[in-house]
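Chemist: There's a structure below that I have some questions on.
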C-alpha cells in the first residue's frame, strides 16, 4: 500500500490545535469560573445572532431571485441563498445541541441548501426557469420569511430581556452546564414555526442507500451507559497505568456535543497529568492526552512504522476502515491524520488525529472527536460523473499523479462529494477538487512543497 506524504498548509496547525485541545479542553472546563462561564455564554449568544443575520440574508436572496427574468441572475441569487443557509447552519452547529434539536433549524437550513442548489444546477446550461420553478422559489421564500420572523422575534426577546443561554447546575467540583429554561422555551417556539418537511422530498433513493454514516462511529456512541467506575477502569487501561495511579473524574459539559466523563490521572503526586475523555454512552474514547515526558535517545520507529503503530491503536478503538491521509514528524514525534472510508469515499471532514513518540513507541495523543460526533451525511455518496469526466474538467497538459473520491466541505460550508485530484503541469503542483455530481471545479490549491509518494 502506498501512502501519500504531503505536508499541506493546514495539517500542522490542525494537528497543533488537536493536540492542544486534547490536553486542555476538559482540564480547563471542569475548573471553570464565572468569567469562563460568561465567555462560553457570549460565544453562544454570538453564534445565535450571527445565525439570525444569515437567515435574514437567505430570505433576502430568495426575495431577489423572484425579480429577474434572466436565468443567470436567478442562479446568482440561488447560489447566494445556498451560501447563506450553509453559513447559518454552521452557526446552529455552535449552539448547544438541545437548542439545535428543539428549533429544528438544522434540518430546515439543510433543505434550503439542497433545494436552492438543485434549482441552480438544473438551469446551469441557461435554460429558462419555468412557472413551476418560480412557484418553488416563491414557496422557499415564504418558508424562509416565516423562519426569519420567528428567529427575529426570539432575538428581540433576548435583547429586551437579557437571559443567559447556559447556567451551572452542579457543585464547583463537578460542574454541568445546562440550557436555561427560558431560552429552551424560546427555541421551542422557533421550532413550531419551522416547516415540517417530508424527508423523502430531499433524499433520493441513492441518498438513502449511501448516507447516514455507515461507519463504526454510529454504534460507538449508542451503547449502554457506563458508570464512572467503568470509565476510570477504561482510562487506566488506555493509559497503561497501574490501579494505584491517582485519578479524578468529572462530567463533560453540554457544550462538548455528547455526555461523557473527563478522567485526570497521575502516576505519582508529582507526575504530569494525563487525560482521557470518554463517552457516557458506549464508552468510546473521545480523546486522550498521555503524560509525555521526553525520554530522549534514538528513535526506535521510522515514521512509516509510527504510522503502523498509530493505525493499530485506531483499530483497537474499533476504527477498522481508515486510511492514512497526512503525516509529519519532528523531534522524534510522528503526527498522523487518518480518515474513515465508506464505499471507497474518504471522509475528509472527519479526521482522526494520533501522535506517536517514535523513541518509546507509545501513542501519546489521540482525538477521534470529529469522527465520533459527526452529523449524518445527507448527500449521496454515489458519484454521478466518472473519473474520466472529472479529469476532462482540467487542461490537457495537466499530469495527474493521484485521485480518489472524498467527502469535503466547500467554501460555503456545504458537504459535497468530490474527486480529490493531485497533479502538476510544467511549472507547479496542484491539489484540485472536482464536484463528483456536477463536474464543476470546486477548489484549486497550489502546493508549495511536494514530496513523492513513499512506500
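Numbering (the working numbering), first residue to last: 8 to 462. Ideal Cβ placement from N, Cα and C applies to all residues, glycine included.
#1: Exposed or buried, which one is residue 49 when buried takes at least 16 other CB atoms within 10 Å?
#2: What separation, rounded to the nearest whole angstrom, lies between the Cα atoms of residue 296 and residue 259?
#3: I believe residue 443 touches residue 424 by the beta-carbon criterion, under 8 Å. Please report the beta-carbon distance rounded to the nearest angstrom.
#4: Grab the span of the alpha helix (DSSP H) containing residue 237 for me, first residue to last.
#5: Could you check how far apart the C-beta atoms of residue 286 and residue 265 are, in whole angstroms? I think they sit under 8 Å.
#6: Under the rule that 16 or more other beta-carbon atoms within 10 Å means buried, what is residue 151, buried or exposed?
#7: Flag this pair as yes or no: are the beta carbons of residue 376 and residue 269 separated by less than 7 Å?
#8: Can you check which of these residues, 413, 328 and 305, is closest to residue 365 by C-alpha distance?
#9: Residue ranges of each alpha helix (DSSP H) run of no fewer than 4 residues wholly in the stretch 101–149, ordered along the chain?
#10: Using the three-state DSSP reduction, which class does residue 453 fall into: helix, strand or coil?
#11: Just to confirm before moving on: does the CB-CB distance between residue 158 and residue 197 stay below 7 Å?
#12: Kindly list the residues whose CB is nearer than 8 Å to the CB of residue 34, restricted to its own chain and excluding five residues on each side of it in sequence; keep chain order.
#13: Using the beta-carbon count (16 or more within 10 Å), is residue 251 buried or exposed?
#14: From residue 448 to residue 426, what does the alpha carbon distance come to, in whole angstroms?
#15: Apart from the five residues on each side of it in sequence, which residues of its chain come closer than 6 Å, Cβ to Cβ, to residue 155?
#16: In terms of DSSP beta bridges, what is residue 305 paired with?
#17: By Cβ distance below 6 Å, which residues in the same chain neighbour residue 391 in space, the five residues on each side in sequence not counted?
#18: Could you tell me the alpha carbon to alpha carbon distance between residue 378 and residue 348, rounded to whole angstroms?
#19: So who's on the other strand from residue 406, going by DSSP bridges?
#20: So, is residue 267 buried or exposed, given that buried needs 16 or more other C-beta atoms within 10 angstroms?
#21: I'd like to check one pair, residue 106 with residue 194: are the Cβ atoms closer than 7 Å?
#22: Should residue 397 and residue 353 be called a contact, given that it needs their Cβ atoms to be closer than 7 Å?
#23: Hey, which unbroken runs of the beta strand (DSSP E) at 3 residues or more fall wholly within the stretch 304–391?
#24: Taking the continuous beta strand (DSSP E) assigned at residue 478, which residues delimit it?
#25: Should residue 92 and residue 68 be called a contact, given that it needs their Cβ atoms to be closer than 7 Å?
Modeler: In this structure, then:
#1: Exposed.
#2: 16 Å
#3: 4 Å
#4: 235–246
#5: 6 Å
#6: buried
#7: No, the pair does not count as a contact, with Cβ atoms beyond the cut-off.
#8: 305
#9: 104–110 and 112–129
#10: strand
#11: yes
#12: A caution first: residue 34 carries a pLDDT of 42, below 50, which makes its placement in the model unreliable, though a value can still be read off. Same-chain partners within the cutoff: 269, 271, 280 and 282.
#13: Residue 251 sits exposed, since fewer than 16 C-beta atoms from the chains shown fall within 10 Å of its C-beta.
#14: 9 Å
#15: 62, 63 and 66
#16: DSSP lists no partner for residue 305.
#17: For residue 391, where only same-chain residues beyond five positions count, the Cβ hits under 6 Å are 444.
#18: Computed Cα separation, rounded: 11 Å.
#19: 431
#20: So residue 267 counts as buried.
#21: yes
#22: no
#23: 329–337, 340–349, 352–354, 359–364 and 369–374
#24: Examination of residue 478 is not possible in this model, given that the chain is present from 8 through 462 alone.
#25: no
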